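Some notes on the structure that comes next.
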Amino acid sequence: MASSGNAENLEEAYSKLSLENGDEDFGLVLEDVPENSVKQDYNRCLVGRFLTNRKVNFMAMQDTLASIWRPVKGVFMEETDQPNIFLFKFFHDLDMQRVLNDGPWTFNQQVLLIKRLNVDEQLKDIKLSELYIWVQIYDVPLGFKSEYVLKSIGNYVGRFLESDSKNFERMGRNYLRIMVAIDVMKPLKSKMRIKKAGDDWMWFQFKYERLPSFCFFCGLIGHTEKFCEALFDNPQGTEIRNYDGSLRATMRKQSISA
Ligand SMILES: [Zn+2]
Numbered sequence: 006m007a008s009s010g011n012a013e014n015l016e017e018a019y020s021k022l023s024l025e026n027g028d029e030d031f032g033l034v035l036e037d038v039p040e041n042s043v044k045q046d047y048n049r050c051l052v053g054r055f056l057t058n059r060k061v062n063f064m065a066m067q068d069t070l071a072s073i074w075r076p077v078k079g080v081f082m083e084e085t086d087q088p089n090i091f092l093f094k095f096f097h098d099l100d101m102q103r104v105l106n107d108g109p110w111t112f113n114q115q116v117l118l119i120k121r122l123n124v125d126e127q128l129k130d131i132k133l134s135e136l137y138i139w140v141q142i143y144d145v146p147l148g149f150k151s152e153y154v155l156k157s158i159g160n161y162v163g164r165f166l167e168s169d170s171k172n173f174e175r176m177g178r179n180y181l182r183i184m185v186a187i188d189v190m191k192p193l194k195s196k197m198r199i200k201k202a203g204d205d206w207m208w209f210q211f212k213y214e215r216l217p218s219f220c221f222f223c224g225l226i227g228h229t230e231k232f233c234e235a236l237f238d239n240p241q242g243t244e245i246r247n248y249d250g251s252l253r254a255t256m257r258k259q260s261i262s263a
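Numbering (the numbering used here), first residue to last: 6 to 263.
Take a look at the structure:
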């Protein structure tokens, strides 16, 4: 009988576990957990938090994001018991991909940091400090146009995620485009110095697509200079601005709202 066969296998497996030394030495090794034994489909689940210390109105946030995202097959949003951590369960990969690809997103001018849920991570341990954003790179000479250079630039701006498939198809476009996960605890990068060995330095300029409001004084996303602690603590006065709106890319198409 098949069932007794399974029972014997289990018995055999347990007999191999040593229980002599208490909890510290005990560990259950799971091999080949059947896919369907995990109740939820976590593959289409994103986890997010808003870049704010204020409490987010879940109902209003849900309505707003649903109307901006308009997922074809729907999305189920859930508050978790971790403050300011939300789950977004999609019913189709394409809807989820579009949300990851077309961001950043905001609600009430608060930026949503969002990523795929990692099933090996516990909700309480989830760190969300990266913003996925498309960066346009300007002033790149033809001799520098390679995936290697793009990856290096991406990892300077933040953490390189992907390169626009059109980067090398469209000769007429005067910028290259990469998606980067930027650390919101660090100032935005506006340019990068680069050279080939033996040559002179040159500067590549960056512009960010759908860049949420950021501070023209310290370059951090999530506040403006009106609320910048670094500026208030600055003895040089409050007239200095190290950044300006030129970091914002003008959107190629205005099909995306909010
Ligand atoms: Zn600031």
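Glycine residues also receive a C-beta, built at the ideal position from the N, C-alpha and C atoms. Note that the structure is a prediction, hence the values are computed from the model and not measured.
Note: GLU83 is bridge-paired with LEU92 in the DSSP secondary-structure output.
Using a cutoff of 8 Å, the CB of GLY224 counts as near ligand 1, since one of the ligand's heavy atoms is closer than that. Judged by pairs of C-beta atoms under 8 Å, the stretch 57-77 does not touch the stretch 122-140, as fewer than three such pairs exist.
Secondary structure at ASP68: helix, using DSSP grouped into helix, strand and coil. Under the criterion of beta carbons closer than 8 Å, MET184 and ILE158 do not qualify as touching, at roughly 12 Å.
If you look at ARG103, you'll find it in the alpha helix (DSSP H) that goes 98-106.
For TYR137, the uninterrupted beta strand (DSSP E) segment begins and ends at 135-143. Contact holds between the stretch 201-221 and the stretch 109-123, because three or more Cβ pairs, one in each stretch, are under 8 Å apart.
Residues GLU152, LEU155 and ILE183 of the same chain have their beta carbon placed closer than 7 Å to that of SER168, with the five preceding and five following residues left out of the count.
The Cβ-Cβ distance between ALA186 and TYR137 falls below 9 Å.
Shortest Cα-Cα distance from ARG49 to any of PRO88, LEU92, VAL140 and THR57 involves LEU92. For LEU118, the CB contacts under 8 Å within the same chain, skipping 5 residues up- and downstream, are GLY53, ARG54, PHE55, LEU56, LEU133, SER134, GLU135, LEU136 and VAL189 in chain order.
At a Cβ-Cβ threshold of 9 Å, PHE222 and VAL162 do not count as neighbours. The continuous alpha helix (DSSP H) containing LYS156 extends over residues 152-162. For ALA254, no beta strand (DSSP E) encloses it, and the DSSP letter there is neither H nor E. Just so you know, the alpha carbons of GLU83 and GLN115 end up roughly 18 Å apart.
When the alpha-carbon of PHE81 is set against those of PRO240, ASP46, ASN106 and GLN87, the nearest one is in ASP46.
The alpha carbon of ASP98 has as its nearest neighbour, out of ASN89, GLN87, ASP86 and GLY79, the alpha carbon of GLY79. Excluding residues up to 5 positions away in sequence, PHE112 lie with their Cβ nearer than 7 Å to the Cβ of MET66 in the same chain.
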